[in-house]
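Numbering (our numbering), first residue to last: 621 to 1249.
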């Protein structure tokens, strides 16, 4: 018997419905399982895997009721994985795709957090400002405004920071963040030199909050304001009240000790300041430890305890992550080494300062002064080439600085005096006069030009330069020196070298009675040395002058020429026996010069010659020993 067609249709419909229901139940089960699996991964801290699962969930089940939550958790997992750019993108996708989701305010806040981690301040502030704009009743609104204010403070936009903080106090007066916002507002007003407004905000805060970290921090800021207003007694009372409070945090107590120590330094009570700094350092977990170390070292430095100061500074620069404190610490360590006469260590510290990539107005003077110390210390170490190198680097970095003129003059001095390069020195002096025609070192440069022309045997130009100096700088401390040099040059200018030498030789018989006997004999020695290159005769005349005390005004110059003549004869000698005798004489007269004239410019040149000879002597002895072996 054939079945009724309606029965057959009904059977097919019921079967199809049952199949659909089974498939839907299976899909719903898979969907729930996928969400729970991703959630468990997140709870176990496996954020990368969880993010992958949530992303697959959103792609596979875009219309699921849990899709918005999965999208939010995807952004949160990326944020916790420190993938801030991807996190910001997913939070923004959430806001665009699911406009009715109940956690959009939180997503917008975390968008700002992500951009803040990326240091994209502009986008971070925009995201934070959208929270109170679109979700004014959200619990994240006041927090977002506070974060925006912190960014404004970081980039130096104090007025906008103040606006955000005032908005918190006005629109969210019952928020737990009001105390912190008022404290930040007081800091902003303090930075803007609105001390009355800052004190008003702090008083309001202290009226409503009697205890806690915020209260202690507010008291600390109030003390700093009184300190700025030179009301040191009021500031001291506040700081003392903080350190004596039992419920105050260790960090705030350490900061109070720091301020008490700085106040004592201002009043000249350095030993008392050291006690405060030491008390602050005794607090184990303090964010002020590096500052306390620096201030303690500075107090010891001012007391003349350079070794103790250096010990604290070494600890500071080894442990500090604060670029400003590292620069200050290295600079003060360099100065301590200078006081201890350890110039090699000093230049190492100063080099750390100038090589620092961090550059701000707070450390500008430290970096600039470090260059000046490097130039001075390398000259003391008798390394003029390195001194000149740092001087040139100074000009490249601080070409408009007030010390540029002095540094440019020093470069010329190094070439002229230390490196015996009058041609280069002449160029530097001329450049200085072009750059600073009415500067502090104009007379020094003008006289340097004349000296260099004389050393280059440009007699006429040298004479003109001396005459111009005498006319232009009658009040200069070098006026008499210029007149003496001009007189000597005009009387004994070696136009006809042989004739001049004979003329001077004829004067030897009248040295004891002539008025110009010192100048004449000194010029005779100098001509033999510089022009005739007769070092043997130079030695003979120099020894005669020193033995008879014929040139008391030029004794240092004659001693220098004597030592240098022996050195040049030693370098030119090939006979082993004669070379050994000349070496001993050179060492003798170089040491004699350094013993009597260690503080003059030529001392570095003589020291270099002595070092070269002693090094060669050591090398020769080693070679001889190897040969015998």
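Glycine included, each C-beta is placed from N, C-alpha and C at the ideal position.
Where residue i sits in the DSSP three-state scheme
i	result
residue 989	helix
residue 1193	coil
residue 1236	helix
residue 902	coil
residue 813	coil
residue 1221	coil
residue 688	helix
residue 1095	coil
residue 1061	coil
residue 969	helix
residue 859	helix
residue 1130	A caution first: residue 1130 carries a pLDDT of 49, below 50, which makes its placement in the model unreliable, though a value can still be read off. Residue state, collapsed to three classes: helix.
residue 770	helix
residue 997	helix
residue 1171	coil
residue 880	helix
residue 851	coil
Cβ shell of residue i (< 7 Å), same chain only, five flanking positions each side left out
i	result
residue 1043	1076
residue 732	744, 747, 748, 764, 767
residue 662	670, 693, 697
residue 863	873, 876, 877
residue 1174	1138, 1142
Residues near residue i in its chain [Cβ-Cβ closer than 6 Å; skip 5 each side]
i	result
residue 972	950
residue 1190	1202, 1203, 1206
residue 817	809
residue 959	926
residue 932	913, 916, 917
residue 835	829
residue 901	912
Same chain only: Cβ atoms within 8 Å of residue i, ignoring 5 sequence neighbours per side
i	result
residue 898	916
residue 1234	1207
residue 1132	The predicted position of residue 1132 is uncertain, since its pLDDT is 43 and thus under 50; no value can be drawn from it.
residue 800	766, 834
residue 841	803, 806, 807, 810, 818, 822
residue 1211	1230
residue 1305	Residue 1305 lies beyond the residue range present for the chain, which begins at 621 and ends at 1249; the question has no answer from this structure.
Residue interval of the alpha helix (DSSP H) (run including residue i)
i	result
residue 1022	Neither: residue 1022 is in no alpha helix (DSSP H) and is coded neither H nor E.
residue 1087	1079-1092
residue 780	778-791
residue 666	Counting along the chain, residue 666 falls outside any alpha helix (DSSP H), and DSSP gives it neither H nor E.
residue 1045	1042-1055
residue 868	Element bounds for residue 868: n/a, residue is neither H nor E.
residue 722	Unbroken run through residue 722: none, as it is neither H nor E.
residue 742	741-754
residue 1327	Outside the shown range of the chain (621 to 1249) lies residue 1327, about which nothing can therefore be said.
residue 829	From DSSP, residue 829 is part of no alpha helix (DSSP H); its letter is neither H nor E.
residue 1156	1155-1168
residue 958	943-959
residue 716	704-717
residue 843	833-848
residue 927	926-939
Exposure label - residue i; buried when at least 16 CB within 10 Å
i	result
residue 914	buried
residue 1004	buried
residue 1148	buried
residue 1074	buried
residue 1019	exposed
residue 603	Since the first and last residues shown for the chain are 621 and 1249, residue 603 lies out of range.
residue 688	buried
residue 574	No answer is possible for residue 574: the residues shown for the chain start at 621 and end at 1249.
residue 752	buried
residue 742	exposed
residue 911	buried
residue 652	exposed
residue 726	buried
residue 1139	buried
residue 650	exposed
residue 1236	exposed
The ligand GTP heavy atom lying under 6 Å from the CB of residue i
i	result
residue 934	Because no ligand of any kind appears in the structure shown, any question about the ligand GTP cannot be addressed here.
* Counting Cβ pairs, one atom from each stretch, are 3 or more of them under 8 Å apart for the region 912-925 and the region 965-982? -> Flag = no, the region 912-925 and the region 965-982 do not touch.
* **contact_flag[the region 1005-1017, the region 1030-1049] where n(CB pairs < 8 Å) is 3 or more** => As far as the Cβ criterion goes, the region 1005-1017 touches the region 1030-1049, which means the pair count is three or higher.
* **Segment contact flag, the region 1161-1171 with the region 1082-1092, C-beta cutoff 8 Å, min 3 pairs** => By the criterion of at least three beta-carbon pairs nearer than 8 Å, the region 1161-1171 is not in contact with the region 1082-1092.
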